[in-house]
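See structure below.
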Amino acid sequence: MEAYGIAGSVAEEVLSSIRTVKAFGGEDSEVKRYKANLINAKNISVKRGLISGIAFGGLLTLMCTFYALGSWYGVGLVLEDKYKPEDEIVYMPQTMVTVFVGVMVASLNFSTLSAYIEAFSMAKGAGARIFSVIDHASPINNFSKDGKRPEQMNGNICFRDVHFEYPTRADVKVLQGLNLDINCGETVALVGSSGCGKSTFIKLIQRFYDPQQGMVMVDGNNVKELNVSWLRKHIGVVGQEPVLFNTTIAENIGYGADGATESDIQEAAKEANAHDFISKLPQGYNTLVGERGAQLSGGQKQRIAIARALVRKPVILLLDEATSALDTASESKVKVALDRASRYRTTVIIAHRLSTIMTADKIVVISNGKVVEQGTHKELLSLKGHYHALVSAQQLNIVDDMENENEESEGRVHSLCQVLIPGRGNSAGSDFSIHKDERPAVIEDNEEEPSPPVSMIRILKKNMPEWPQLLMGSLASIIVSSATPIFVILFGDILRVMSSPVDQEVRAETDRYSLYFFIAGVSVGFATFLQNYAYGIAGEKLTMRLREELFESMVRQEVAWFDKKSNLSGSLCARLSGDASSVQGATGQRVGIVLQSIMTVGWGIGLAIYFDWRLGLVTIFFTPVILLAQYFFLRISRGEIFSNQQALEKFTELAVEAVSNIHTVVSLGLEQTFHQRYMLALLQAHKIPLWNTLIRAFVFGLAQSILFFANSATLFYGGILMVENDLTFDTILKVGQALIMGTMLLAIAMGFAPNFQKGMSAASRIFHILDRKPQIHDPPQVNERKWTANGNVKYQQVKFFYPTRPNIMVLQGLNADVLEGQTVAIVGKSGCGKSTCIQLLERFYDPDSGCVYIDEHDVSSLTTCSLRFQLGIVSQEPVLFDRTIAENIAYGDNSRTVPMSEIIEAAKKASIHSFITTLPLGYDTLMGEKGMQLSGGQKQRIAIARALIRNPRILLLDEATSALDTESEKVVQEALDKAKEGCTCITITHRLSTIQNADVIFVINNGQVAEMGTHSELLAQHGLYYKLYSMHNGPP
1 MEAYGIAGSV
11 AEEVLSSIRT
21 VKAFGGEDSE
31 VKRYKANLIN
41 AKNISVKRGL
51 ISGIAFGGLL
61 TLMCTFYALG
71 SWYGVGLVLE
81 DKYKPEDEIV
91 YMPQTMVTVF
101 VGVMVASLNF
111 STLSAYIEAF
121 SMAKGAGARI
131 FSVIDHASPI
141 NNFSKDGKRP
151 EQMNGNICFR
161 DVHFEYPTRA
171 DVKVLQGLNL
181 DINCGETVAL
191 VGSSGCGKST
201 FIKLIQRFYD
211 PQQGMVMVDG
221 NNVKELNVSW
231 LRKHIGVVGQ
241 EPVLFNTTIA
251 ENIGYGADGA
261 TESDIQEAAK
271 EANAHDFISK
281 LPQGYNTLVG
291 ERGAQLSGGQ
301 KQRIAIARAL
311 VRKPVILLLD
321 EATSALDTAS
331 ESKVKVALDR
341 ASRYRTTVII
351 AHRLSTIMTA
361 DKIVVISNGK
371 VVEQGTHKEL
381 LSLKGHYHAL
391 VSAQQLNIVD
401 DMENENEESE
411 GRVHSLCQVL
421 IPGRGNSAGS
431 DFSIHKDERP
441 AVIEDNEEEP
451 SPPVSMIRIL
461 KKNMPEWPQL
471 LMGSLASIIV
481 SSATPIFVIL
491 FGDILRVMSS
501 PVDQEVRAET
511 DRYSLYFFIA
521 GVSVGFATFL
531 QNYAYGIAGE
541 KLTMRLREEL
551 FESMVRQEVA
561 WFDKKSNLSG
571 SLCARLSGDA
581 SSVQGATGQR
591 VGIVLQSIMT
601 VGWGIGLAIY
611 FDWRLGLVTI
621 FFTPVILLAQ
631 YFFLRISRGE
641 IFSNQQALEK
651 FTELAVEAVS
661 NIHTVVSLGL
671 EQTFHQRYML
681 ALLQAHKIPL
691 WNTLIRAFVF
701 GLAQSILFFA
711 NSATLFYGGI
721 LMVENDLTFD
731 TILKVGQALI
741 MGTMLLAIAM
751 GFAPNFQKGM
761 SAASRIFHIL
771 DRKPQIHDPP
781 QVNERKWTAN
791 GNVKYQQVKF
801 FYPTRPNIMV
811 LQGLNADVLE
821 GQTVAIVGKS
831 GCGKSTCIQL
841 LERFYDPDSG
851 CVYIDEHDVS
861 SLTTCSLRFQ
871 LGIVSQEPVL
881 FDRTIAENIA
891 YGDNSRTVPM
901 SEIIEAAKKA
911 SIHSFITTLP
921 LGYDTLMGEK
931 GMQLSGGQKQ
941 RIAIARALIR
951 NPRILLLDEA
961 TSALDTESEK
971 VVQEALDKAK
981 EGCTCITITH
991 RLSTIQNADV
1001 IFVINNGQVA
1011 EMGTHSELLA
1021 QHGLYYKLYS
1031 MHNGPP
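Letter by letter, the sequence shown follows residues 1 to 1036 of UniProt numbering.
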């Protein structure tokens, strides 16, 4: 179970980051990584099958030995009592029949337990892991009612000699004796290099962790003494990488506060400058945002996250790069909203862009886990220390007398605007609005259609590489199936022998048949071992093959396929983990038991006709009744399983979403909310099969009761034949018991009908995906030779809408030419189509009309591998994998084994080498899930190194330096400038100061290029770019 869990975590990581995987050609690498974990799981399961086979084969041999011994000893007891007085006789032939038949029935039931025991053992393994989590007592428990709950919170924060290191990196000291006081109502900014401990400061305030030494206090109370839920409800957080949940915009904002009304939600959205774009959506606030808000642009997600923080009216507001993802037109408005929200509450700001925190009441500089400077902007500048160096690096215009600027305006709020945007008009750029059709993608909420049925033959064909094991298991099943008829015949013959008046003959014949019993038992025991082991190997290899092929088929699908609600990562992981295992319900040991049962019935029918056809026909009459019950049983199961699968995928999605975004869930206090949603989904899944279970139980009970009807009819008619036709009792026993016991085994096999039907349904879903051809695929007969682009890019009359929203045109006849070696910047409002241009160039999607060219080659005429190898991308929100730092950097070129020297060189260019070398394991340090062990800036620099490792001909930068601190930004920008030499660079940015030296700047509006030219040329036009620049930097 643990091995499969590791494979499942790999699958979740890959499927939730599919764009990054495809951009760097990592499909084959991820399939190999997934397969490697499956091999370990398969080997463990095969060993379990071996042990199970030995155990059940040995038990069956032992039982047959007891049969032989019991027959021999039982006949001896009967012979001994034969000559005793009638009142002293204890053992008679009928006594022996009763005991023997009872033991036989019990052992036959026991012989079918192997598949059930296998299920129990798997459940036990899973249960051990589940209960270990349930029994784990967390020292920081948001569900706990313990702890102080003061009547109100004022917002005073105090750190006293705080030492802290993360549990997963105990050798790396993050905070080393940090001391800091923040008074209620103050706005305090934390600045410093990436990894200095700024984000850790915020996590300790929320009590995500407890310090190893020192105290964190709020209003004089140690946070350890406060109720965790009460503490977090008074804190609002906006993180650097906004996390939204797969629900409506209204619910995402409403998660910020219990009982938030519609008016509260809309007011918060207005404050965060999100109301306008939300209102233009077809379903407004009821629009689904998609998994992790993937269908929204970075700025749109950030504004919704800000609204979520504002709706709870927090006493303490924590802003971790809260405006880093906003476009120029929105940034100033959101800053004003945040500054207004900061009034009368304690605000802690983390920012790399010092222009956003110049008016803070206190600026705290952190270095090496300690406070090295603190004071106002002016005070720190006068010290000419750490802060002065940071300001100088950003080349900020130092305002000497901010307090005298626009005193008649909106106090601190307008002062902030004047500092950030000197000379700004009332609403500069307000007419640069989002076109009504330029809206974020909306995932359609369509119900998944049932997959077409699949035949058993096709499943067996998929298992054909294991034909030796299948053949061996089938032959063993046939041998095991003969056990019941053989035992019945032997026992019948023993009863016949006991009717002989000669005791010596009885003894001799009994000894012979007892020996036959023993030989048959050893043979059947060995066959049972082969049956369990062979089918176990075949089933586990089939499961591994299906998981591997299913995962590979998933990662080969086009990006648009993952946009559908039915294909979110949670649903896909549920299919990987559940469906492949469920197919064993239609194969493996269960097939052996079904084959064994059918063959036993066949043996029974043959023997019945052979010994007495009249009695055989009476007994056979009951077999179709059982088969008819089986038919209805399957009919009932078929519809139920599809509904169960949908419910399973739904609550798996919820679990994956909650766990993968646990920091956001915890900070918002949504543990109870997600628990209730999860329980509701479970309850629905529980209700679905209740009625069908009653019907199934009735049908199953009917099948079991038919056995008794068959016994009654056989004995009744057999008695008549004994009187009228001199039919012997041993013949009645052989005919009746052979067929009835076989039918009973078939009835027991009916218990696997739900598993069988579930396996068939799972197989249909698996093959439905395996058979699906990706809509984005390599053209036929394309030349696979290595190709190196010059770097010319051309968009010609490109029109495009996302497949999930065909009525909303994103690009409307876009034309743009990028020449080899040029540095081109694309600017515009959030959601205007900037990122779409990159996704079309990466060929994540194909345009609906028009073409995208690289060096006169239509990108659709190239293989996706050769196309994407020409491109290196650094996204706004870096996606890293749970691998070592070296492996994450090397991920940039999956076509070869990247030497360590190149990895180090790329890290040096991205200004991350020095930090990596300070880690105990250096480049072998594991990143953790989604790189959570590193700060945002550190993750971004590793992502830059990953892009540089492949020496791309076209470099794509989507806010590539937005998460970098002041010290690193300049160095990394210089590294990027060097990396751009000799290659084409396309940059998407909101910070116009970073693209002033671009060869060409494209301004996109209404899905078209509205303006183009150099920085100076566009300023001279006094158009859209001029307004954007003026809003950000003041009039030129």
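Beta carbons: idealized from backbone N, C-alpha and C, even for Gly.
Bear in mind that the values here come from a model prediction, so they are computed numbers and not experimental data.
Of the listed residues the options, nearest to residue i (C-alpha basis)
i	options	result
residue 757	874, 375, 706, 587	587
residue 387	574, 192, 235	192
residue 479	590, 522, 506	522
residue 176	162, 186, 258	162
residue 49	727, 262, 532	532
residue 848	867, 812, 872	812
residue 486	119, 781, 737, 287	737
residue 982	993, 791, 935	791
residue 499	15, 272, 93	93
residue 456	764, 495, 287	764
residue 524	248, 477, 85	477
residue 925	901, 888, 909	888
residue 22	927, 548, 873	873
residue 543	30, 233, 19, 46	46
residue 788	818, 865, 277, 835	865
Burial state of residue i (16 or more Cβ within 10 Å)
i	result
residue 869	buried
residue 607	buried
residue 1037	Residue 1037 lies beyond the stretch modelled for the chain, which goes from 1 to 1036, so this question has no answer here.
residue 691	exposed
residue 261	exposed
Straight-line gap, residue i to residue j (C-alpha atoms, nearest Å)
i	j	result
residue 133	residue 778	46 Å
residue 1006	residue 566	31 Å
residue 231	residue 150	10 Å
residue 828	residue 563	24 Å
residue 1037	residue 883	Limits of the chain in this structure are 1 at one end and 1036 at the other, which puts residue 1037 out of reach.
residue 165	residue 380	29 Å
residue 364	residue 155	18 Å
residue 441	residue 804	The predicted model places residue 441 with a pLDDT of 40, which falls under 50 and marks its position as unreliable; any figure quoted below should be read in that light. Near 7 Å, if we compare the C-alpha coordinates of residue 804 and residue 441.
residue 236	residue 319	8 Å
residue 59	residue 483	14 Å
residue 186	residue 226	22 Å
residue 1013	residue 960	22 Å
residue 209	residue 170	13 Å
residue 1038	residue 570	The structure shown does not extend to residue 1038, since the chain is modelled only from 1 to 1036, so the question has no answer here.
residue 942	residue 473	52 Å
residue 1025	residue 877	25 Å
residue 44	residue 38	10 Å
residue 1020	residue 1011	12 Å
residue 505	residue 497	8 Å
residue 158	residue 205	9 Å
residue 650	residue 762	16 Å
Contact set for residue i: own chain, Cβ-Cβ below 7 Å, skip 5 residues either direction
i	result
residue 275	266, 269
residue 658	665, 674
residue 1004	826, 828, 832, 833, 834, 1010
Sequence-distant residues of its chain with Cβ nearer than 6 Å to residue i (five each side left out)
i	result
residue 305	238, 242
residue 979	948
residue 409	With a pLDDT of only 30 at residue 409, under 50, the local geometry of the prediction cannot be trusted, and the value read off the model is given with reservation. Closer than 6 Å at Cβ, skipping near neighbours: no residue.
Chain-order list of residues whose beta-carbon lies under 8 Å from that of residue i (same chain, five-residue window excluded)
i	result
residue 595	474, 477, 478, 481
Residue i beta carbon near the ligand MN (any heavy atom closer than 7 Å)
i	result
residue 192	Within the structure as shown, the ligand MN is missing, as the structure has no ligands at all.
*Which runs of the beta strand (DSSP E), 3 residues or longer, sit entirely within the region 825-860?*
849-854
*asked:* Please give me, in chain order, every unbroken run of the beta strand (DSSP E) with length at least 3 that falls completely inside the region 189-225.
replied: 213-218
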